[in-house]
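Numbering (the numbering used here), first residue to last: 271 to 761.
And the structure:
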């Protein structure tokens, strides 16, 4: 019973094995068949794509050929693309290149849609235009020939006239030669007579020169005397010149609130930051005029136009109006004011020289010190006609010692030279008083040199008399920032 069961199992296993082998063979057969069909389908697809590409290429070539023959239109962009085309068909490529060369002949409206049918018409128009130009040129040639023949006839007539004139001139030349020979003989005779007369004249000239030299010596003596007189008169004339320290440089052109315009600008070498005092336009003496306001340049507008702001407002009774005059003590149009100092100058009364302090004041005010003259007359710097002021000290001594005669003579010579050059000679106190109008802190002496005149008495308003403190705002606004005396605010 057990052996029977083993045979059944073994038979079942063999049957299963046979079935598996048959299934594998059948599957391999089906796979092989499907693979062959897939390969054939890919080949057919590639052939179809290749034929489609060839058909599209043929269609593009046909459309291009139609455009070349005038069926349809070809834009300029397509023509440019055609110039860069590099198709795989050599014959088509030759046709495209020839078409591009042929279409290069077209111009004007024909070049917008190029094609071979337009070439003959273009050539006919070109030939017709050239024929018209040729006819025009033929007419011009005929006119030139006619003008040339006319010019030749005129030139021939002019030649005949010139030849006739040449004959006349030759005859006249022969006559002149005869006259020349006669004149030459006459001149030779006159030359002999002149030589004799010249000898006599030389003798007379020698005697006259001796007399002239004597008179010249006398005149030179008189000239020297006159020159000395002129020099003395020149010195006196310079003394009579006005040594006015202050001069106006311009005037107000327009006023608008706290802003004004003046008639100075870039052509006058004006720069922003320069301050000017404002005085009335009807003032005749600047030294006696009252400064009503101070303005400061803020912007240069033109060659002779600038804008300024009011930094110290005027009294309400004396407003700034057009044509008011403006001046700055140490600014001049187109140049910087030059100042020279002569000797040792004492401005605070302490009997010690204050030259360095004065130089600092002048530099702060905007001017420059270009020369310093010592007490012995030695000039450090340049003293010429470009210097505006020579500052001297009117005190008799410095340091408590009397000034010797040599120092007085040296300073006197420097003053005389300055006057001859046209330089204004001013005392130190005048310079200091005017510097006060710019900035009072520059010149008020302190310490041991303090003077009572520098400190005015206090107001009588005290404990028994007080100013009202509850004034309306409009009155307080009018006094704030108002011009105080002749003091011009510094830049």
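The C-beta atom is built at its ideal place from N, Cα and C for all residues, glycine as well.
Exercise. For the alpha helix (DSSP H) that residue 360 lies in, which residues bound it at each end?
Worked result: 360-373
Problem set entry | Per DSSP, cross-strand counterpart(s) of residue 545 | 566
Exercise. Mind checking residue 280: buried by the 16 CB within 10 Å criterion, or exposed?
Worked result: exposed
Problem set entry | Test item: CB-CB of residue 559 and residue 580 under 9 Å | no
Exercise. For residue 638, does the three-state DSSP call read helix, strand or coil?
Worked result: strand
Exercise. Would you say residue 568 reaches chain D, if we count a Cβ-Cβ gap shorter than 9 Å as a contact?
Worked result: Considering every chain present, this structure includes no chain D. It has just one protein chain.
Exercise. Within 10 angstroms of its Cβ, does residue 442 collect 16 or more other Cβ (buried), or is it exposed?
Worked result: exposed
For this session: In the DSSP assignment, find the beta strand (DSSP E) that holds residue 596 and state where it starts and stops.
Result: 595-597
Exercise. Three-state secondary structure (DSSP) at residue 625?
Worked result: helix
Exercise. For residue 531, which beta-bridge partners are listed by DSSP?
Worked result: 524 and 577
For this session: To the nearest angstrom, report how far apart residue 332 and residue 325 are at their CA atoms.
Result: 10 Å
Exercise. By Cβ distance, which residues of its chain are closer than 7 Å to residue 650, with the 5 residues on each side in sequence left out?
Worked result: 641 and 642
Exercise. Do you know offhand how far residue 701's Cα is from residue 497's?
Worked result: 35 Å
Exercise. Can you tell me whether residue 296 is buried or exposed, with buried defined as 16 or more other CB within 10 angstroms of its CB?
Worked result: exposed
For this session: Let me know the secondary structure DSSP gives residue 651 once reduced to three states.
Result: strand
Problem set entry | Pairwise C-alpha distance: residue 490 and residue 567 | 58 Å
Exercise. Using CA coordinates, which residue listed in 678, 637 and 615 is at the minimum distance from residue 698?
Worked result: 615
Exercise. Could you check where the alpha helix (DSSP H) with residue 612 kicks off and where it finishes?
Worked result: Looking at the DSSP string, residue 612 is not in any alpha helix (DSSP H); the run it does join, the beta strand (DSSP E), is 608-612.
Problem set entry | Whole-angstrom distance between residue 595 and residue 520, CA atom to CA atom | 6 Å
For this session: Would you list the one or two residues that DSSP bridges to residue 659?
Result: 609 and 694
Exercise. Can you give the Cα-Cα distance for residue 575 and residue 658, rounded to whole angstroms?
Worked result: 26 Å
Exercise. In three-state DSSP terms, what is residue 556?
Worked result: helix
For this session: Name, in chain order, the residues that DSSP records as bridge partners for residue 643.
Result: 612 and 649
Exercise. With distances taken between CB atoms, is the gap from residue 677 to residue 619 smaller than 9 Å?
Worked result: no
Exercise. Since residue 578 and residue 530 are thought to touch, with beta carbons under 8 Å apart, how far apart are those beta carbons, to the nearest angstrom?
Worked result: 5 Å
For this session: Find the nearest neighbour of residue 623 within the set 662, 589, 593 and 541, judged by alpha-carbon distance.
Result: 662
Exercise. Around the C-beta of residue 690, are 16 or more other C-beta atoms found within 10 angstroms, so that it is buried, or is it exposed?
Worked result: exposed
For this session: With DSSP collapsed to three states, give me the class of residue 583.
Result: strand
For this session: With a 10 Å radius around its C-beta and 16 neighbouring C-beta atoms as the bar for buried, classify residue 475 as buried or exposed.
Result: exposed
Exercise. Per DSSP, what kind of secondary structure is residue 571 in: helix, strand or coil?
Worked result: strand
Exercise. On the premise that residue 606 lies in contact with residue 633, defined as a C-beta separation below 8 Å, what is that separation, rounded to the nearest angstrom?
Worked result: The pair is not a contact, with the Cβ atoms about 11 Å apart (cut-off 8 Å).
Exercise. Quick one: Cα of residue 439 to Cα of residue 432, how far?
Worked result: 10 Å
For this session: Leaving aside the five residues before and after residue 685 along the sequence, list all residues of the same chain whose C-beta is less than 6 Å from its C-beta, in chain order.
Result: 695
Exercise. Assuming residue 522 contacts residue 561 under a Cβ cut-off of 8 Å, what Cβ separation, rounded to an integer in Å, is found between them?
Worked result: About 13 Å separates the two Cβ atoms, so there is no contact after all.
For this session: Apply the 10 Å Cβ neighbour rule to residue 329 and answer buried if 16 or more other Cβ atoms are within range, or exposed otherwise.
Result: exposed
For this session: Could you give the DSSP three-state label for residue 517: helix, strand or coil?
Result: coil
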